[in-house]
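Numbering (my numbering), first residue to last: 128 to 553.
Encoded structure:
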């Protein structure tokens with residue numbers, strides 16, 4: 128019994144370190160043969176190895192009912208890439224997709240298994256909340272002094288990227304047209320990726336302060352969130368801000384006089400923060416005014432990419448091959464062109480077909496339905512996933528660390544506590 132507790136303590140500490148790096152310093156590390164090896168990924172792999180050894184030794188694995196679809200999805204993705212590998216012999220060329228679809232989802236089962244109490248969850252919440260403040264303040268520092276003037280190679284930026292590209296490395300990461308109008312990237316190296324992960328973790332921060340009645344921290348964090356999300360210069364993240372305000376604030380059913388007053392204050396604060404951003408942050412204004420209508424509608428060429436993908440799949444004359452290409456994906460089946468890598472449905476369609484889209488989306492929708500809205504943490508995680516699923520149709524960040532790891536970590540924690548509460552009540 129004591130040995131089991133010691134093992135759980137060791138694994139839980141590894142989980143804490145993994146979450147810390149994936150929130151605070153997600154790009155800390157180097158590149159090996161062009162493939163990033165981040166500290167967060169490295170600690171996750173170590174955690175995964177020890178966790179699998181523990182499960183093999185105990186011969187037990189708790190799988191909550193909502194996760195059955197995730198297991199089914201992983202099995203399907205494994206089978207699909209085995210077939211591709213046997214046919215093409217180039218399985219390593221698909222590593223960008225294989226890891227987020229097959230390996231990173233195991234973070235759900237790890238966090239589900241290890242975070243078995245509110246005390247452990249609260250420790251992780253502290254890491255996330257303090258991490259939120261850190262990455263936002265660091266992003267503001269980049270805005271005021273310049274991204275290249277406050278980076279730490281190997282920690283806030285991949286060491287090899289900095290060594291090969293120099294102090295202006297961030298301009299070669301699709302972060303803007305000039306140094307004066309570049310995106311803030313915090314420790315995520317890319318403005319879009321920073322914004323997506325900001326949208327994922329902030330609902331937890333917001334709901335925590337709201338639950339605890341810490342209005343001062345709530346207002347300060349909200350201003351930081353809006354300012355930094357706008358400074359990413361990602362129009363997808365701007366949509367995420369609107370979605371957050373709409374779902375978390377406007378639609379919230381307040382029941383007391385004080386909560387209604389707080390809601391009005393928050394809405395006014397959001398409007399004032401947006402006005403402030405557009406008045407005193409010229410990079411945001413330039414991004415907004417210099418984008419033509421066609422670019423907004425075409426989502427920076429992404430809609431064209433998915434249209435080309437759909438046409439190339441449909442152009443196949445063999446009906447059997449046509450059906451296979453649509454349902455299990457053209458990758459490894461037929462020649463195809465066009466792809467919107469950033470758009471989650473489009474990337475899933477190319478790699479795993481309609482079946483892959485249904486399995487992954489069904490899992491997220493099932494989890495949201497399961498979590499409900501009774502507890503603040505479950506509500507926050509459900510909101511994070513909802514916002515991500517919507518903006519992910521344009522910019523998902525799923526294929527680049529640490530997005531998928533962060534998603535499965537918070538879902539696993541929320542599901543674990545919900546399951547244990549149900550068992551306790553029974």
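The C-beta atom is built at its ideal place from N, Cα and C for all residues, glycine as well.
- Assignment of beta-bridge partners to residue 159 by DSSP yields 162.
- In this chain, residue 520 is not harboured by any alpha helix (DSSP H), its DSSP state being neither H nor E.
- Note on geometry: alpha-carbon atoms of residue 509 and residue 443 lie some 40 Å from one another.
- Per DSSP, the beta-bridge partners of residue 284 are 280.
- Residues 330, 331, 334 of the same chain have their beta carbon placed closer than 6 Å to that of residue 507, with the five preceding and five following residues left out of the count.
- Assignment of residue 358 by DSSP, reduced to helix, strand and coil, places it in the helix class.
- Taking C-beta atoms under 8 Å as the contact rule, residue 191 and residue 542 qualify, at a distance of about 6 Å.
- Around the beta carbon of residue 245, fewer than 16 other beta carbons sit within 10 angstroms, so the residue counts as exposed.
- Apart from the 5 residues on each side of it in sequence, residue 379 sits with its Cβ closer than 8 Å to the Cβ of 390 in its chain, given in chain order.
- By the beta-carbon neighbour count (other beta carbons within 10 angstroms, threshold 16), residue 462 is exposed.
- By the 16-neighbour rule on beta-carbons within 10 angstroms, residue 414 is buried.
- Taking all protein chains shown into account, residue 395 has fewer than 16 neighbouring C-beta atoms within 10 Å of its C-beta and is therefore exposed.
- Going by DSSP, residue 384 is part of the alpha helix (DSSP H) stretching over 384-407.
- For residue 375, the closest of 401, 254, 500, 299 by C-alpha to C-alpha distance is 500.
- Residue 183 counts as exposed, since fewer than 16 other C-beta atoms from the protein chains shown sit within 10 angstroms of its C-beta.
- Excluding residues up to 5 positions away in sequence, 410, 413 lie with their Cβ nearer than 6 Å to the Cβ of residue 308 in the same chain.
- Ranking 164, 220, 342 by CA distance to the CA of residue 459 puts 220 first.
- In this structure, residue 136 keeps its C-beta atom at 8 Å or more from the C-beta atom of residue 149.
- CA-to-CA, the gap between residue 436 and residue 253 works out to about 43 Å.
- The Cβ neighbour count for residue 140, taken over all protein chains shown within 10 Å, is under 16; the residue is labelled exposed.
- Here residue 299 carries a helix assignment [DSSP, helix/strand/coil].
- Counted as a single uninterrupted DSSP element, the alpha helix (DSSP H) harbouring residue 240 occupies residues 233-241.
- Non-local beta-carbon contacts of residue 302 in its own chain, meaning distances under 7 Å to residues more than five positions away in sequence, involve 309, 310, 312, 317, 318 in chain order.
- At the C-beta level, residue 473 and residue 519 stay beyond 8 Å of one another.
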